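Q:
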Amino acid sequence: MTNVPDALKILYILYRVKSPVDVKDIHRIVDIASSRGICCKQYSFARYPWGPYSKDLEADLEILRSLGLVSITNGNTSRRLVITEKGVTVAINVERVISPNEKERLESLFTGHGDQDRANG
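Start counting the sequence shown at -14; every next residue gets the next number (our numbering).
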């Protein structure tokens, strides 16, 4: 996604995933995207038994939260991300500036091999 900040790429991914989404799941999805060179290539992920974790991603999620684009809720056993109405509007605008090729690569995260990667994640 040319000239789109990583935090906005994450917002677009959240929009495509259809929030709410568990924070652990977004770490898995972004790890896959990073390893495939789709986005967020500079994120560093640590490997844990529960899955990949990135401080860089957490920082961008906090930026999105502070801007009112997502809300983070704490459940009994997990944190969940919910994209706000304002976040949806911004994500739609992000979608308008990415190329068809980039959209196709992102879409691969949610269909076909992306599902297998997430299941194996």
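Beta carbons are placed, not taken as given, at the ideal position from N, Cα and C, and that holds for glycine.
Please read all numbers here as calculations on a predicted model, not as lab measurements.
(1) Over the uninterrupted beta strand (DSSP E) stretch that includes isoleucine 68, give me the two end residues.
(2) Taking the continuous alpha helix (DSSP H) assigned at isoleucine 23, which residues delimit it?
(3) Give me the residue from Pro85, Lys9, Ala18 with the minimum Cα distance to arginine 65.
(4) Between glycine 36 and the rest of its own chain, which residues show a CB-CB distance below 7 Å, the 5 nearest in sequence each way excluded?
(5) Please state the DSSP three-state secondary structure of asparagine 61.
A: Quick look at the numbers:
(1) Counting along the chain, the beta strand (DSSP E) containing isoleucine 68 begins and ends at 64 to 68.
(2) Run containing isoleucine 23: none; DSSP gives neither H nor E here.
(3) The residue with the shortest Cα to Cα distance from arginine 65 is Lys9.
(4) Only Lys9, His12, Arg13, Gly106 meet the Cβ criterion.
(5) For asparagine 61, the secondary structure class from DSSP, reduced to helix, strand or coil, is coil.
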